[in-house]
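The block underneath contains the structure these notes are about, expressed in structure tokens.
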Amino acid sequence: MSSSYDKSFNQSYDNSCDTSSSYDASKSCTKSYENFAPLIQRFIAHIDIERGLSARTVSAYKSDLNNYVLWLSKNRNIRSISDISYKDIDAYISESRDCGLGARTVARRLASIHEWHRFMLAHGDVTSDVSSSIKAPKQPEHLPDVLSIDEVNKVIEAAGNFGSDDEISLRDSALLEFLYATGARISEAVSVKFEDFDLEESVVKLTGKGSKQRLVPLGGCAIRALKKYLQHARPILSSRGKRELPFIFLNKRGNALSRQSAWAVIAEAGKKAGVSQSLHPHTLRHSFATHLIAGGADVRTVQEILGHASVTTTQIYTHISPDALIEAYVMSHPRAK
1 MSSSYDKSFN QSYDNSCDTS SSYDASKSCT KSYENFAPLI QRFIAHIDIE RGLSARTVSA
61 YKSDLNNYVL WLSKNRNIRS ISDISYKDID AYISESRDCG LGARTVARRL ASIHEWHRFM
121 LAHGDVTSDV SSSIKAPKQP EHLPDVLSID EVNKVIEAAG NFGSDDEISL RDSALLEFLY
181 ATGARISEAV SVKFEDFDLE ESVVKLTGKG SKQRLVPLGG CAIRALKKYL QHARPILSSR
241 GKRELPFIFL NKRGNALSRQ SAWAVIAEAG KKAGVSQSLH PHTLRHSFAT HLIAGGADVR
301 TVQEILGHAS VTTTQIYTHI SPDALIEAYV MSHPRAK
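Numbered per full-length UniProt numbering, the sequence shown spans residues 1 to 337.
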């Protein structure tokens, strides 16, 4: 095994194997893992290189599959993928639920297992996909957290430190204007480059999941904030770096702004603005989509802008806000007044 897989195994083993067992569980698990490792490595290379999935997604697949095969080797004494049965997978999923993992985590683990077994079948490593009939646990429907338009305005103002013209305030204001104007994911925003912008045409090219690209319109507020940042702030930030970078958003040392730093900017802006809910990376994306649809935008159009593969994903934003629901009730119900 490669050193990266040795490290990955050790991390998963700590969580999956009972080292207090009467037999030498570590040796047993290690030997089994050596049988599975090449198959996992082939699949990981496929989703990383051929499908171009993000590093974060690839890491999640790797973690899920490591946990899965280690559990099989310890609890079911399985040494080969051809020995895995429907009952083994069902037992693994059941134990994952029973140990307190959330439905979303269990569903993600099962999705990783499905993908791996399908890949092995397609490449002739097994003669059937024993995972195909196992269904993920139902997840409770969760409406995304959404800010009101007034709250969005307050958060953006707070990000810019209420009109300050220092380089960090200008950058943060431009970043949040960009996120709300485009509905971009954080990873898409921090990856955007000069070559992706056409400020004269008011569009930006975003690269999303699976390296799929899409053109997204830019509103006037975002364009003005970006131009101000690019003219007055970015040159200062860039001068602190070791070399010129193509990325639009830079940190205070002149390097590319990381996802984590962008998340921190959003969270801090929420606190400054006095927003009651804790802001997370997708809050502005959720708010963008909900406000567009509430304003009359077609769901299919919003799907294209967000880069969703399926319109079903976008339809969650068609929910009616509590305020709108109450207003409609008061206006319509004969005995509401």
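Quick reminder that beta carbons are idealized off the backbone N, C-alpha and C, glycines included.
Thinking just about the alpha-carbon of each residue, which of the options is nearest to the one in residue i?
{"i": "N153", "options": "R259, K272, K242, T57", "result": "K272"}
{"i": "S278", "options": "L284, R285, G270", "result": "G270"}
{"i": "S54", "options": "I223, S211, G220", "result": "S211"}
{"i": "A34", "options": "R51, S80, V58, E50", "result": "Note on identity: in this sequence residue 34 is Glu, with Ala being the wrong assignment. It is S80."}
{"i": "R105", "options": "R224, I84, S63", "result": "For clarity, residue 105 is Thr in the given sequence; the question names Arg instead. Comparing Cα-Cα distances from T105 to each of R224, I84, S63, the minimum goes to S63."}
{"i": "Y229", "options": "D165, S258, V192", "result": "D165"}
{"i": "Q257", "options": "A103, N161, L218, V192", "result": "In the sequence under discussion, the amino acid at residue 257 is Leu, which differs from the Gln named in the question. When only C-alpha atoms are compared, the closest one is V192."}
Give the straight-line distance between the Cα atoms of residue i and residue j, rounded to the nearest whole angstrom.
{"i": "R76", "j": "Q303", "result": "44 Å"}
{"i": "R214", "j": "I305", "result": "7 Å"}
{"i": "H282", "j": "I186", "result": "8 Å"}
{"i": "S287", "j": "G295", "result": "12 Å"}
{"i": "N67", "j": "Q231", "result": "49 Å"}
{"i": "I78", "j": "H46", "result": "24 Å"}
{"i": "E157", "j": "S112", "result": "41 Å"}
{"i": "S82", "j": "V126", "result": "6 Å"}
{"i": "K74", "j": "R51", "result": "32 Å"}
{"i": "G183", "j": "G163", "result": "23 Å"}
{"i": "P38", "j": "A122", "result": "16 Å"}
{"i": "I44", "j": "G220", "result": "42 Å"}
{"i": "M120", "j": "R42", "result": "9 Å"}
{"i": "V155", "j": "E95", "result": "42 Å"}
{"i": "I223", "j": "A309", "result": "27 Å"}
{"i": "A225", "j": "G307", "result": "24 Å"}
{"i": "S26", "j": "R300", "result": "Residue placement at S26 is poorly supported in this model, since its pLDDT is 45, which falls under 50; the coordinates still yield a value, given next. Cα to Cα, the separation comes out at about 52 Å."}
{"i": "A103", "j": "I49", "result": "29 Å"}
{"i": "E201", "j": "N161", "result": "29 Å"}
{"i": "D90", "j": "G124", "result": "23 Å"}
Might you give, ordered along the chain, the residues of its own chain that have their beta carbon closer than 6 Å to the beta carbon of residue i, omitting 5 neighbours on each side?
{"i": "I40", "result": "L65"}
{"i": "L284", "result": "L179, Y180"}
{"i": "F36", "result": "V69"}
{"i": "A297", "result": "none"}
Cβ atoms of residue j and residue i: under 8 Å apart, would you say?
{"i": "S148", "j": "A159", "result": "no"}
{"i": "D196", "j": "K205", "result": "yes"}
{"i": "T207", "j": "E188", "result": "yes"}
{"i": "V203", "j": "V190", "result": "no"}
{"i": "V275", "j": "E151", "result": "yes"}
{"i": "L101", "j": "I134", "result": "no"}
{"i": "A136", "j": "A107", "result": "yes"}
{"i": "A267", "j": "L170", "result": "no"}
What is the C-beta distance between residue i and residue j, in whole angstroms, given that I count them as a contact (C-beta under 8 Å)?
{"i": "L199", "j": "F249", "result": "Contact flag wrong, Cβ pair sits at about 15 Å."}
{"i": "D129", "j": "H117", "result": "5 Å"}
{"i": "Y92", "j": "W71", "result": "5 Å"}
{"i": "F194", "j": "P246", "result": "6 Å"}
Given residue i, which residues of its chain have a CB within under 8 Å of its CB, disregarding the five upstream and five downstream residues?
{"i": "W263", "result": "I186, H280, P281"}
{"i": "S22", "result": "With a pLDDT of 32 at S22, under the threshold of 50, the predicted position of this residue should be treated as unreliable, and no value is reported."}
{"i": "K227", "result": "L199"}
{"i": "T57", "result": "I47, K209"}
{"i": "G254", "result": "L237, S238, S239, R240, G241, K242, L245"}
{"i": "R259", "result": "I186, S187, V190, P281"}
Excluding sequence positions up to five away, which residues of its chain have a Cβ less than 7 Å from the Cβ of residue i?
{"i": "I168", "result": "K252"}
{"i": "S261", "result": "N251"}
{"i": "H114", "result": "S131"}
{"i": "L292", "result": "V302"}
{"i": "I84", "result": "L72, I78, V130"}
{"i": "D88", "result": "L72, R76, I78"}
Consider the Cβ of residue i: report whether some Cβ of chain D lies at a distance smaller than 8 Å.
{"i": "V216", "result": "No chain D appears in this structure, which consists of one protein chain only."}
Would you check whether the ligand SAM has a heavy atom nearer than 7 Å to the C-beta of residue i?
{"i": "S63", "result": "As presented, the structure is devoid of all ligands, the ligand SAM included, so that no description of it is given."}
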